[in-house]
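Below: one structure, written as structure tokens.
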Amino acid sequence: MSSLVAFAASFILSHTVPLKSQASTLRNCSITSFRHGVECTSGAVDIGSTSRIEIFLGIQIASLVGSYIAVRAYWYKSRMEAAPASNLLIPAAVDSYFVKGTETMWQLDSVACVLAGMLPLKKILLDLKIWTVVRRRERSGHSFLGAQLSHKAVDATRGVPILYSNRHAWFGGFSLLYMASSIGSSYAFLEVTKSAMINDFWWASFDANTQVYLSNWFNQNLLLTNFLKNIELTDTAYGALTTSTNSTVSTLKVAPLYASSIQDETNSLSNVIESLRKMDGCKAPWIMTVYCYVDFNKRWEMASSSKKQQRCNDDINNGAIYLESILRNVALQKLSVCWETSLSIGIYSVLKTTIDGSNWLAQTQSQTSSIADEVTYWSKFNITRYTTQWQNYKSIGVIESFSIQNSLGWKYPLTLKSSNGSYQFSAQTSLKMVSPLAGDLLLVASNSSIIRGKSLIRDSPAFAYSNTTLETLLIEVGYLSSPIGLGLSLVRDTFGPFGSITMKRISCPASLRHLFQNITQTLTRLLSSNSDIQTDFWQLYSTYITGPRPKAWDSYFLLGGNPLCEIGSMKVLNSAPWVFFGAKGGCGFNLLETLVGDSKLMVSGLVTLKSINATAISQREVQAPAGMLPAVTAAAAFLQKYFPPAAAKELQVQSESVKAYIRDQIQVEMMQYTVPDNSTDYTLSHINYFDPGESDFEFFAWLYMFDWVQGVREVVTFQGDKNKLTLLSSSTNFIEMPGNPMEIPVNISYYMRLLLQYITWIMLCVACIVCCYILGLKARIEAANMTSFSRVTALVWIGRPLIMLRALSAVCLLATSTLTLTRPLGGLVSYFISLPQPWYIIILTAGELVWMVYIVNDVFSIFTKEYTQEYSLNSFILVWLSSAIWGLAAPVSRSVEINRECSVDQVDFQLVCHAGVVAIGSLGRFYSLIALVLGCSFGCYVFQRAFHPKRQSQLRPSSLFLYAAAKHQFRSSKWQHHGIQYLDKASAVLTGILSLEVGRTLYLFDIKTWRSYSIVLPNRIEGTPQHLIHAIPLLE
């Protein structure tokens, strides 16, 4: 009745007065810093209501109270049917809701038994509430006699009475101390593990600073390698310098060109094919590639000129130059939404003029092969890669994360980078060099284009570029001006016609990345070694902005350094080089190209040089040579004083090899528009960064190369019909993004900690009740039973599932390593240290592991029977000692791995990567500790069976009032009198029985069945032992 009323009232309220969300706007801003701007909150949205919760709670309470009063009033003058006397196995819910049997017996079928917490198993019933096996009286159905809670006529000679002396009472007093220590250890465990349970990693001291440090560590090292195992994070070589203003880095620093730098690595054939099949067909033609052929068999050519078609032979194993890669994998329906007309005009019309072409087109558009089969198909044509070209009409997005693994093996991702691909047509400057297929498709379908209705296949009589050039079309669409300016004319003279100049990304060579890694790690390890080094470094630690100029251009005016833009108008004879080309696009005139770094990067550059001439180096800096000289001098002096000569020599040898490779193989150059003084002889001048004649510039050349490694610059080869140049791009600022503390998972640890607190409070409350009974009985109890306080109380009052969770919390802590971020000495370098857990925490945590022992002993007690008490005590001690010794002798080791695995969400547009794992917890140790518990328990049982094969069952209480653990652990030898078994009231609390004696009536409440009973006590018999006078007779 109460449930129906509550449901109806809640339903009516929810539908007649639905809760509405409310929004409020109130802008409140604060200045974060002058560099990072302001931080604002603009309002709030309320989607929940505390008052509505209170109303619902009120409905529940009112319906319950009202229904009870109504039913009570209805039955006030009626006589209720007499219920049969309840059996001790029948819980209160069954007594209230099930159909009753006769006045003296309950009849339950198998289903009802299961609902009542009893499992019928052939000739027995396993009662789950007390974990006891009960013999069945009948084969079909289950009969339960009502409990007879009165004294029975017994043989007074049964049992041998044992005296209970005052000494035993003193033991009862000592049991108070035992329970107090048990509760105290539980509370101590909560306190000492508070820091370790602040997150679901079980990583003590993991906070926002640790998150930022670890994220930046991954960001930096992912630029150097995509795979690295067995990393020891406590190595000071992996440390991070604080800022020059002596503050820790509080934001994630993301290399702006990271996504572009890993494209070639990520674009595996399987990744590309999978991405093409789910790609938006409207975006597919915007993939930046130059299509050379329609099909993999190279029957139909597509290049706009014969020279460009010849250059395709250098890229023959690149799947991106074949239009078939798109037509086979992008869904035809999606592709046709935006490009059906254009493709029909430019491609399909020619193919359909031949039977071979028509058959190929039909077969291509209808293929349904798996990804693996498609990779195999591509491989038949020697296609091994899919490489797109550099461009700046769109930015490539990347979402990357790494995971922290806890001792349960659960991995939680934390974001390293989060950017979405986007188009930036208004800022692009690359489309004049070469355009994607989309540009041609738009033009052949445009009524205003001079190639409208033309074909993009070279063999067609209506080939679009047979009577016109790409430059003409570029002028038509506005990518080139007419006439072409002076600067772009120089570009045309150098490379060849616009529209045919390909732009290929050049990956940073592994040798350069390895060199930078060696220099950085050696220097970081040096700076963290002692306070004297840090003190001297602090004196020179600063940031710098410099604009170096090669000697070869000393007598020239520099007018621009971007081959995608026109020449500048400002002439300054001794200026730094003007800004280079970049991924951000745009043509910034009269902007200087600068190097931005700090003293650590300066020392890194100097260590590569065999000899350091500070004066000559400073003269290459044309913006502020006076400031450069003392900076280089101080850095060189620091290097000379502290850097190990052997390490410096080894790095210099490595540097020479890397320099030769970059100079001779890659041939990275700097380009500027130049004109001599008093002349109009403009040229597009370029010089190798490691030109042998530019020895004084070599220091700055290394700084440029290190920018390439760090992902703030990139290298692109521009190749036209005439020539090619490999150029370094302009620098792009690091992207700074705040760490997201909301990503740190805390739900499981929070609720588990609440659970531990709940268990401790329940144990404390039970202990307080027991203490009251002990004091009230003047300590006339069975003190030995109190040694089973934790075991019996936990199983009865709390239950196995929650106790198992508490045990698992101890396992997690014992299976988790420690890493703490620190800034020792002068605070210059931050790095991780691993301090061993204090011995007392390990011992205390190992003690919590025995909760699992209790569960194992209890579950198997129906099999181990009379051996349970002895082997359970031995296993308890053995597990505690073993786990404590294990934790002290062999602390858990963590593992760190960089393993970049990426998928292509959209080809040439969006990447999704996972960078690696920090395993702060050991799954192996976790399972090993559980195996230790099971192994010790099994071993102790086997030992007892082996040495006591014919052990007789000791006299123990067997009442259905008692839980199985109490039957096996409680002592009963002093509690037998005239054939009746007694139980002291304090021990009864442990097994879930609360008692109250009023006059000659003893009232009992059993929490296991949620039932109450009353026993009429007989008059006191002469000679009854004192400790039995107020004990509970176990009558059934």
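Here my numbering = 1-based position in the sequence shown + 113.
Just so you know, even glycine gets a beta-carbon here, dropped at the ideal spot from N, CA and C.
Bear in mind that the values here come from a model prediction, so they are computed numbers and not experimental data.
Residues that residue i bridges to, as DSSP identifies them
| i | result |
| --- | --- |
| Val781 | Thr839 |
| Lys524 | Gln518 |
| Glu961 | Answer is none; Glu961 lacks a bridge partner. |
| Thr615 | Gln832 |
| Pro233 | Leu238 |
| Gly674 | Phe693 |
| His1090 | Ile1093 |
| Asn141 | Thr154 |
Check whether residue i and residue j have beta carbons under 7 Å apart
| i | j | result |
| --- | --- | --- |
| Gly718 | Phe629 | no |
| Gly827 | His799 | Residue 827 is actually Glu in this sequence, not Gly. No, these two residues do not count as a Cβ contact at 7 Å. |
| Ser624 | Val771 | yes |
| Phe608 | Asn836 | yes |
| Val969 | Trp993 | no |
| Asn410 | Arg498 | no |
| Ile956 | Ala997 | yes |
| Gly67 | Ala321 | Any property of residue 67 remains undetermined from this structure, which presents the chain solely from 114 to 1149. |
| Phe611 | Leu587 | yes |
| Ala880 | Ile203 | no |
| Asp809 | Arg733 | yes |
Nearest residue (CA-CA) to residue i, options the options
| i | options | result |
| --- | --- | --- |
| Ile429 | Val745, Ser479, Asn675, Asn495 | Asn495 |
| Thr900 | Ala1078, Trp910, Leu764, Glu827 | Ala1078 |
| Asp1119 | Lys420, Leu932, Trp910 | Trp910 |
| Thr830 | Gln504, Gly297, Ser299, Gly459 | Gln504 |
| Met112 | Gly833, Leu868, Leu867, Thr906 | Any property of residue 112 remains undetermined from this structure, which presents the chain solely from 114 to 1149. |
| Asp820 | Thr637, Gln333, Asn791 | Gln333 |
| Leu117 | Gly179, Tyr984, Asp804 | Gly179 |
| Gln518 | Phe314, Gln422, Leu603 | Phe314 |
| Asn200 | Gln220, Val184, Ile182, Tyr181 | Gln220 |
| Asp971 | Ser903, Thr361, Arg1013 | Ser903 |
| Glu1149 | Lys1121, Lys1080, Ser1071 | Ser1071 |
| Trp413 | Ser462, Lys366, Cys1015 | Ser462 |
| Pro369 | Val1020, Leu1045, Lys697, Gly1048 | Lys697 |
| Leu677 | Thr542, Thr481, Ser641 | Thr542 |
Close-in-space but distant-in-sequence residues of the same chain around residue i (CB under 7 Å, 5 per side omitted)
| i | result |
| --- | --- |
| Ile386 | Asn442, Ile484, Glu487, Val488 |
| Asp633 | Here the sequence assigns Thr to residue 633, which means Asp is not the residue at that position. Only Ser717 meet the Cβ criterion. |
| Ser127 | none |
| Thr66 | Since the first and last residues shown for the chain are 114 and 1149, residue 66 lies out of range. |
| Gln135 | Asp159 |
| Arg165 | Leu132 |
| Ala122 | Ile172, Ser176 |
| Ile597 | Arg605 |
| Pro858 | Asn312, Asp313, Tyr525 |
Beta strand (DSSP E) segment containing residue i, residue limits
| i | result |
| --- | --- |
| Ile800 | 796-801 |
| Pro949 | Per DSSP, Pro949 belongs to no beta strand (DSSP E) and is neither H nor E. |
| Met850 | 848-851 |
| Thr793 | That residue, Thr793, is in no beta strand (DSSP E); it is neither H nor E in DSSP. |
| Arg1038 | That residue, Arg1038, is in no beta strand (DSSP E); its alpha helix (DSSP H) goes 1036-1060. |
| Gln1023 | 1023-1032 |
| Thr977 | Looking at the DSSP string, Thr977 is not in any beta strand (DSSP E); the run it does join, the alpha helix (DSSP H), is 974-977. |
| Phe80 | The structure shown has nothing for residue 80, since the chain only spans 114 to 1149. |
| Val624 | Per the sequence presented here, residue 624 reads as Ser, with Val not at that position. Element bounds for Ser624: not the beta strand (DSSP E) but the alpha helix (DSSP H), 623-640. |
| Gln652 | Looking at the DSSP string, Gln652 is not in any beta strand (DSSP E); the run it does join, the alpha helix (DSSP H), is 644-653. |
Boundaries of the alpha helix (DSSP H) in which residue i is found, first to last residue
| i | result |
| --- | --- |
| Asp208 | 205-210 |
| Lys133 | No alpha helix (DSSP H) contains Lys133, which DSSP labels as neither H nor E. |
Other residues of its chain near residue i: CB distance less than 6 Å, five sequence neighbours each side excluded
| i | result |
| --- | --- |
| Leu521 | none |
| Ala269 | Here Ala269 scores only 43 on pLDDT, less than 50, and its place in the model is too uncertain to base an answer on. |
| Phe120 | none |
| Leu1130 | Arg1113, Leu1115 |
| Ala266 | Note that Ala266 has pLDDT 40, beneath the 50 cutoff, so the model's placement of it is unreliable and no number is given. |
| Trp473 | none |
| Met114 | Ser180 |
Contacts around residue i, its chain only, beta-carbon distance under 8 Å, and the 5 residues preceding and following it disregarded
| i | result |
| --- | --- |
| Phe147 | With a pLDDT of only 49 at Phe147, under 50, the local geometry of the prediction cannot be trusted, and no value is derived from it. |
| Lys420 | Gly609, Ser613, Asp834 |
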